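In what follows, a single structure is set out as structure tokens and then discussed.
In structure tokens:
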């Protein structure tokens, strides 16, 4: 592991980061000197700027970079990446991040496995111990710093034993890891087990029990003594079997505030995930509609959370499907700090086998989400100990792009993808264009060959790769399409489950009428007959067939594009192997979804293409 | 594990089997003296009788039991079980088993897990070692002997490392185990890895390569030196990823005969499983019909196998579904010794959670299978290290009944179940009647609430418990129903895949016409519209609904029956817990299958019962 050859988009850098740099300013100076030895720049620390920086060119051609400790580091990277990419520098540039906490959530388990990980094993854990490779940690710190990411939660939100020991026996190792990341401006965060006091003779984890609060306060004191800049704790409570306040008849404000009180003296935050729903639903129960759950749980608590609690809300109301509307919580909570949670790990989006560039999707989210509705942003990690960090070399664009998004949600996806491509591959302009176009369209391609028009969940249960159109249909997870011989989908308007009523009126109008609802959300919001006439004149069933055949054709075109590009080894081999699998996957999806709907509807393809019996 | 309290149907016996009995005749004498101390019987060995025995009452009221070594033991058990059950003894009785090898195939892995095991861990293996409890082995030997079973294959047919070591490092332990079972008339058998020579520097497992044959001959010599009465080797070749002759362009006669030559000098046999099919089928491929595979592979080889090869054929052409026709191989091979393979492990039939008594099903098989078509019989084990051996106390009836069937396939299922019930529980007559009826009808009940009318496979993939009507529909296993809005099933007649043509003409006539085909096989052989009119006037879809509602109601009645019976603890608790799960399972199956077909057909239940949308 020590001799890693691939530094993702920083592979062109001339040298590794040495040990012993004390802080982000020293790091900034080192990186500038190493990457741009002849570039005339001076650093000036201005603590009040924090993560922000400004860059100015003097009349004599020299530059001044001014910023807080971390701002200097981010400014240095802005300079370095621009120069490496060959982009012109403006004479003056000021920048500061839109969001204070730009977080990566790793779902790494102490045994070294990674939940929903598709890039090898954990970078941090092995054999139930924290045993990272320091060289590799510095590489990772550099990658994160280069795109402005500043919080790293290293352990799975599903905290199973011995994950709790991060706050106990493993605390010295955690502190050592924090020391490694500190010069990169990266602070650690820890996922905790809400019932952890019960490991210590306390008979309850009731957040209102004085002994419980006292235990957490003492624990926070001990943890912050070891890691004074720990960002805080990340909590998955009362979700998918995790312990939480509900056990004791308490609500989530009571649970979160108790923890918030413990970390407040040290400047810590509690990031409290809102992924709470009934995961033991009876499929016969049509009165429960899973996407409604988060709003039902949290909207009544708006204003009741302590100042240092951040509610972390998945971008959509389900769970990282390729197409979901924005979570109504992100629009509706007015008095509670929120973070939006994205997922770089391609759990439902191709397992880092299929090419799937997320930046266009994120951009769509911000078309409806006012930037100021959230104060932080998080993404589930796609990192692992593969030499290229992300399993598929092209999946690194999502980590890169997430950094840029977290800094500035108004960033231009095309420019970001192009910059990543140029830094990583240094292709000729026509090749760079081809790759950029291919990546930008890859999400729509994947969407076309998988579950149609926002319906989601037609994926192989548990594994979450490949099609199984009814795999979740009679299961406990609340994810049903109820396709029958006449129609498909759930009516989520006011006439149906009422989910749509959780939105502001403007969005209710946008999505509520099937004749006006954007096509790609049609089957999320509406139950429609196969003969439903789309705005473009096609029937719903024909649109489904067309999308799937197009998705397969586009995948073939994508394969041809990638095949013609001069990727170096070992990327060439990895990309070719995975593309072969993606082609199989796209064909399976296309044929199975078409057959599934053809068996139900009995309606042939208007263009006479092959739909298997 | 040493202090096991439950001896299945022999729990009434006054004493354990001591160590040190030298042979089956000594065992017979011990068992008679221990169980029937006052019964006047003398033993006379007549080696020519082998497993057979005769029992005669003299004028003075004393009895003489004459038989071969093992015949004496089986005769002793015949006496003991009759007396314990209170059945009258005829004045004279001669009996010998229909089949020479009455085999239990355990699918136990060296790590102690049991493939498709629902009764705890392995009785033989732990931590990759053979480490059985001798007391428990003697209990098991006694149970097997008491119903005439005489061959025990202890390891999984899927031989993964270190399973091969049974013939290598573990051979002394295997020999010690054989010593333990020998006084019970039980001989061991071993599942082997066809590629095992390659572990020893031989670059191939080609059966025609002289080095391969030589390795197996030397191995057989070594193994038989340690275990002179080893029954032989059991082989799963070229099936579901196992190695075999196909790799080398050889056929299965060439593969089996090479092994047969190695064990022939020692009187050993090669039991060669015929479970060979394409397990990587493309669901789009309608030219391949999995049930046809065994015939296609083996019919052309009839007459080419060595005399000491036994082809072991699963009873049906698929894989132990609740309803399958008899395998055509069992009717068609004329010049090859065969064994029929049954499965006591309830893989697809309720995991030893649902009550499922197999004896009526076996009886149906012999209605079409002439006894003499096979020369041996095998069953996949339902044994594990649970105190009651079979997980569910009522599942022991299948092990008991299999012994009786292997001795005499003309046995009466009702009498067998009643005897088992009386030996195990000793209930009052009305209770015994109720239990016997409940067990005898349990298979039809399970059949009613699961996949309808012989179609099979609507079960949760891999796990094989609970419904998933399309779980295998687009998978690689060749198990499709192709249900659409109009019809369901595969046409396997001469007009369809042609599977039916593998049968004798009489059976082709019996099953070929949907108007005449027995209802319960209708969807195995035919593709039919939901409106198809059954002989009783109901439509196909109505029959499906009716069966499922009936299956659920019958399960409720079964629960009431069992609840009213005076089972002792711990059986009471286990039976109640499992019945609760069976009720959930039956309800899930009933509702999901009905909903599945209702969504497709759009046809309501004629009786207006609830079918969920």
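Chains as they are written, first to last, in this note's numbering: chain A, 1 to 613; chain B, 614 to 1226. Built from N, CA and C at the ideal position, the CB exists for glycine as well. These numbers come from a predicted model, not from an experiment.
**Message:** Given this structure, state the Cα-to-Cα distance separating residue 868/B from residue 781/B, to the nearest angstrom.
**Reply:** 21 Å
**Asked** Nearest-angstrom Cα distance between residue 787/B and residue 983/B?
**Response** 36 Å
**Asked** Any C-beta of chain C sitting closer than 9 Å to the C-beta of residue 286/A?
**Response** Note that chain C does not occur in the displayed structure, where the protein chains are A and B.
**Asked** Candidates 1007/B, 1090/B, 1202/B: which alpha carbon is nearest residue 1188/B's?
**Response** 1007/B
**C-beta atoms of residue 354/A and residue 346/A nearer than 9 Å** = yes
**Span separating the alpha-carbon of residue 779/B from that of residue 739/B** = 13 Å
**Asked** Along the segment 476-488 of chain A, what residues have a CB closer than 9 Å to any CB found in chain B?
**Response** 482, 483, 484, 485, 486
**Prompt:** What residues of chain A sit near residue 1212/B, judged by a beta carbon separation below 8 Å?
**Reply:** 482, 483, 484, 485, 600
**Request:** Determine whether the Cβ of residue 498/A lies closer than 9 Å to any Cβ atom of chain B.
**Result:** no
**Prompt:** To the nearest angstrom, how far is it from the Cα of residue 614/B to the Cα of residue 624/B?
**Reply:** Here residue 614/B scores only 35 on pLDDT, less than 50, and its place in the model is too uncertain to base an answer on.
**Asked** Where does residue 71/A fall in DSSP's three states?
**Response** helix
**Prompt:** Does DSSP classify residue 1010/B as helix, strand or coil?
**Reply:** helix
**Message:** Between the alpha carbons of residue 3/A and residue 857/B, how many angstroms are there, rounded?
**Reply:** Summary for residue 3/A: the model assigns pLDDT 45, below 50, so the residue's position carries little reliability; its value from the coordinates is reported in the next sentence. Approximately 42 Å between the Cα atoms of the pair.
**Request:** Return the CA-CA distance between residue 910/B and residue 889/B, expressed in angstroms with no decimal places.
**Result:** 8 Å
**Prompt:** If the cut is a Cβ gap below 9 Å, which residues of chain B does residue 592/A touch?
**Reply:** 896, 1086, 1087
**Prompt:** Using the beta-carbon count (16 or more within 10 Å), is residue 412/A buried or exposed?
**Reply:** exposed
**Asked** Buried or exposed: residue 1183/B, going by 16 or more other Cβ atoms within 10 Å of its Cβ?
**Response** exposed
**Prompt:** Is the beta carbon of residue 65/A less than 9 Å from the beta carbon of residue 54/A?
**Reply:** yes
**Request:** Determine the direct distance from the alpha carbon of residue 567/A to that of residue 573/A, and round the result to whole angstroms.
**Result:** 9 Å
**Prompt:** Which same chain residues, not among the five before or five after residue 521/A, have their C-beta less than 8 Å away from its C-beta?
**Reply:** 323, 325, 453, 454, 511
**Prompt:** Does residue 470/A have its Cβ less than 9 Å from a Cβ in chain B?
**Reply:** yes
**Item:** Interface partners of residue 1158/B on chain A, CB under 8 Å
**Value:** Within chain A, no residue comes near residue 1158/B; the closest Cβ sits about 16 Å away, beyond 8 Å.
**Prompt:** Any chance the segment 283-296 of chain A sits against the segment 474-486 of chain A, with 3 or more Cβ pairs inside 8 Å?
**Reply:** yes
**Prompt:** Between the Cα of residue 848/B and the Cα atoms of 684/B, 923/B, 826/B, which residue gives the shortest distance?
**Reply:** 923/B
**Request:** Can you give me the start and stop residues for the alpha helix (DSSP H) that residue 1119/B sits inside?
**Result:** 1118-1125
**Prompt:** According to the Cβ coordinates, are residue 1079/B and residue 1198/B closer than 9 Å?
**Reply:** yes
**Asked** Taking Cβ-Cβ distances below 8 Å as the criterion, which residues of the segment 445-472 of chain A are in contact with chain B?
**Response** 467, 468, 469, 470, 471
**Request:** Take residue 807/B as the anchor and find which of 793/B, 854/B, 765/B has the nearest alpha-carbon.
**Result:** 854/B
**Asked** Is it true that the CB of residue 36/A sits closer than 9 Å to the CB of residue 80/A?
**Response** yes
**Prompt:** Secondary structure at residue 679/B, three-state DSSP: helix, strand or coil?
**Reply:** strand
**Beta-ladder partner(s) of residue 1142/B, from DSSP** = 1100/B
**Message:** With distance defined between alpha-carbon atoms, name the residue in 832/B, 792/B, 713/B nearest to residue 635/B.
**Reply:** 792/B
**Message:** Can you tell me which residues form a DSSP beta bridge with residue 721/B?
**Reply:** 727/B
**Asked** Which word fits residue 548/A, buried or exposed, when buried means at least 16 other C-beta atoms lie within 10 angstroms of its C-beta?
**Response** buried
**Asked** Is it a yes or a no for the segment 126-141 of chain A touching the segment 93-102 of chain A, going by three-plus beta-carbon pairs under 8 Å?
**Response** no
**Message:** If distances are taken between C-alpha atoms only, which option among 503/A, 104/A, 121/A comes closest to residue 149/A?
**Reply:** 104/A
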